[in-house]
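Student: One structure follows; several queries about it will come next.
In the numbering used here, the protein residues as written are 387 to 565.
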């Protein structure tokens, strides 16, 4: 399995400069996002964080919309959580929540992501950072906002139940056993 990850990384790494040379920046951003996931999954969080700047550049050069740009911020937050930078993530989430409220669900620009996926990912990153920094009430608030968004988009009962379970840890730590 490990050899296959290295093989995949090598393939993705070779794709990025090819896409850039052909000015296919959207595909360069997609390949770089794949490389980001490989780095995160193999514990190379600093490298993944550095790669986010390249992904942002590709997204801008591809003239992709605000939701795709925010997805990149979500990726940055994933790396920061892995590096223990929880307060930085929580601060970023608060700023991005305001920004997301000003955006329409349907962008007038080409996007490589769906708005609901980005919204939910940003809120979940905040929830994770809040949990890890023992800000349990904030974790509950962020998860409640995510669950409301999920319900509004028509998520299945199973999806809602799955993400409702994220409340169990904070509720136990806050000694709210009746919930």
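Virtual Cβ for every residue (Gly too), placed ideally from N, Cα, C.
Bear in mind the structure is a predicted one, so any value in this text is a computation, not a measurement.
Could you say which of 504, 476, 411 lies nearest to residue 489 if we only look at CA atoms?
Tutor: On the chain shown, residue 489 is found 103 positions in, with the first residue counted as 1. With distances taken between Cα atoms, residue 489 lies closest to 504.
Student: Is the segment 473-481 touching the segment 496-512 in the sense that three or more CB pairs, one from each, lie closer than 8 Å?
Tutor: With the cut-off at 8 Å, the segment 496-512 and the segment 473-481 touch.
Student: Would you tell me roughly how many angstroms separate the C-alpha atoms of residue 421 and residue 395, rounded to the nearest one?
Tutor: Residue numbering aside, residue 421 sits at position 35 when the chain shown is read from its first letter. Residue numbering aside, residue 395 sits at position 9 when the chain shown is read from its first letter. Rounded to whole angstroms, residue 421 to residue 395 spans 6 Å at the Cα level.
Student: Is it buried or exposed for residue 426, if we count other Cβ within 10 angstroms and need 16 for buried?
Tutor: On the chain shown, position 40 is the one that residue 426 refers to. Per the 10 Å Cβ criterion, buried.
Student: If I measure Cβ to Cβ from residue 546 and keep anything under 7 Å in the same chain, skipping five residues before and after, which residues do I get?
Tutor: Reading the chain shown from its first residue, position 160 is the one you call residue 546. Closer than 7 Å at Cβ, skipping near neighbours: 533, 536, 537.
Student: Mapping DSSP to helix, strand and coil, what is residue 464?
Tutor: Sequence index remark: in the chain shown, residue 464 carries index 78 (1-based). Of the three classes helix, strand and coil, the one that applies to residue 464 here is helix, per DSSP.
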